[in-house]
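Each remark here refers to the structure printed beneath this line.
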Amino acid sequence: MSTINTINIDPVSRTVEYKNIHTSNLNQIIGCRVFSMINIRDGHAMFIDDEGRLTADENTGYFKLDYPGPIAGVGVIVGPVDEACDSTSATLSLADIERDIVWINNADVGPVPPPVVLGFDSSIEMIDYLEVMERGDL
905 MSTINTINID PVSRTVEYKN IHTSNLNQII GCRVFSMINI RDGHAMFIDD EGRLTADENT
965 GYFKLDYPGP IAGVGVIVGP VDEACDSTSA TLSLADIERD IVWINNADVG PVPPPVVLGF
1025 DSSIEMIDYL EVMERGDL
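The numbering of the sequence shown is the working numbering, which starts it at 905 and goes up by one.
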């Protein structure tokens, strides 16, 4: 793990700022037990609380950015992975993120949708399904 420059999104204070973090501290920075990584623009990724919507309360903040559903809690944007598969520093501009982020009020967030379990006969069938989903054709 290394120290990198990130873009941290705090939906409670509605701030977007550059921070220098040690990647081993992601759980503490996001404030979660388990985090997920979602791909966003230009090869960058954002780490989010995997259980954010499940554990949310009236003090949780929400936002949308390059992802279809509301994100609960802090988001940490990192740059593309390097040849060793380690995250690199974010190079996106704060102005672009601030322009594109949508802050969501708690009252406007609906219930967590029920889980959907899918089965596929082959990995090709699964990849075809994911490609259709990504295009929004479902």
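Glycine residues also receive a C-beta, built at the ideal position from the N, C-alpha and C atoms. A quick note: this is a predicted structure, and the numbers were derived from the prediction, not measured.
Within 10 angstroms of the Cβ of C989, are there 16 or more other Cβ atoms? Answer buried if so, exposed if not.
Along the sequence shown, one-based indexing puts residue 989 at 85. Classification of C989: exposed, given that the 10 Å Cβ count is below 16.
Can you give the Cα-Cα distance for F967 and G983, rounded to whole angstroms?
Sequence index remark: in the sequence shown, residue 967 carries index 63 (1-based). Sequence index remark: in the sequence shown, residue 983 carries index 79 (1-based). Their backbone Cα atoms lie some 20 Å apart in a straight line.
For a minimum of 3 consecutive residues, which ranges assigned as the beta strand (DSSP E) are wholly contained in the stretch 988-1031?
Whole beta strand (DSSP E) segments, 3+ residues: 1006-1008.
Tell me the rounded alpha-carbon separation between R1039 and I1031.
Start at 1 with the first residue of the sequence shown, and residue 1039 comes out as number 135. Start at 1 with the first residue of the sequence shown, and residue 1031 comes out as number 127. So the alpha carbons of these two residues sit roughly 12 Å apart.
Taking the straight line between their C-alpha atoms, what separation do you get for D946 and A1011?
Taking the sequence shown and counting its residues from 1, one reaches residue 946 at position 42. Taking the sequence shown and counting its residues from 1, one reaches residue 1011 at position 107. Roughly 32 Å separates the two Cα atoms.
Put G1040 into one of helix, strand or coil per three-state DSSP.
Along the sequence shown, read from residue 1 onward, the residue named residue 1040 stands at position 136. Coil at G1040, not helix or strand.
Pick from Y1033, I1028 and P915: whose alpha carbon is nearest that of N963?
Reading the sequence shown from its first residue, position 59 is the one you call residue 963. Ranking the options by Cα distance to N963, first place goes to P915.
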